[in-house]
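Going by our numbering, the first residue of the sequence shown is number 57, and it counts up by one from there. All residues carry an ideal CB built from backbone N, CA and C; glycine is no exception. Below: the structure, in structure tokens.
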Amino acid sequence: YENNPFSQDIDDMVIEVATGKVSQQVWDALLWELSEPPSLEAFQQRKDELHVKHKQLLVDILLSHVNQQLEVFSACRKKIDALKNEDSPNKELIQQQNEFLMGVF
């Protein structure tokens with residue numbers, strides 16, 4: 057999201073795999089997109105209030121994103137399984153990567 061100041065630093069856009077904790081940067085980026093504020097200053101002034109007001113919607117949006125990603129990885133798994141080893145020398149590596157990403161999500 058080009059105009060979202062909270063999605064610019066990709067390193068802060070994380071969900072901890074071990075705990076499932078979502079970074080504040082992710083929540084703020086989602087809220088920014090949802091609220092479409094006129095300015096960063098206006099957003100900062102109402103951010104806490106908006107987080108409380110839209111908490112469940114933000115959770116639903118994030119869960120929907122995670123579920124969509126899992127569906128994509130599941131579809132990839134089927135395509136990977138259909139590959140013949142002789143046609144794809146990197147099949148095992150591709151499978152490992154896909155399984156890793158599914159585990160992350």
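Length of the line joining the Cα atoms of residue i and residue j
i    : j    : result
E58  : N154 : 28 Å
N146 : A74  : 29 Å
S120 : R102 : 25 Å
K135 : P93  : 42 Å
A69  : K140 : First, the amino acid is wrong: residue 69 is Met here, not Ala. The straight-line gap from Cα to Cα measures roughly 37 Å.
D137 : E148 : 10 Å
Q100 : R133 : 42 Å
I66  : V78  : 13 Å
Boundaries of the alpha helix (DSSP H) in which residue i is found, first to last residue
i    : result
E155 : K147 to V160
F99  : L96 to K109
E89  : Q80 to S91
Sequence-distant residues of the same chain with beta carbon closer than 8 Å to residue i, five excluded per side
i    : result
V128 : none
S130 : M158
Short CB-CB distance (under 8 Å) between residue i and chain D
i   : result
F99 : Considering every chain present, this structure includes no chain D. It has just one protein chain.
Chain-order list of residues whose beta-carbon lies under 7 Å from that of residue i (same chain, five-residue window excluded)
i    : result
H110 : L87 and L90
I117 : L86
V160 : V73
Within 8 Å, strictly: CB atoms of residue i and residue j
i    : j   : result
F62  : A85 : yes
L114 : W83 : yes
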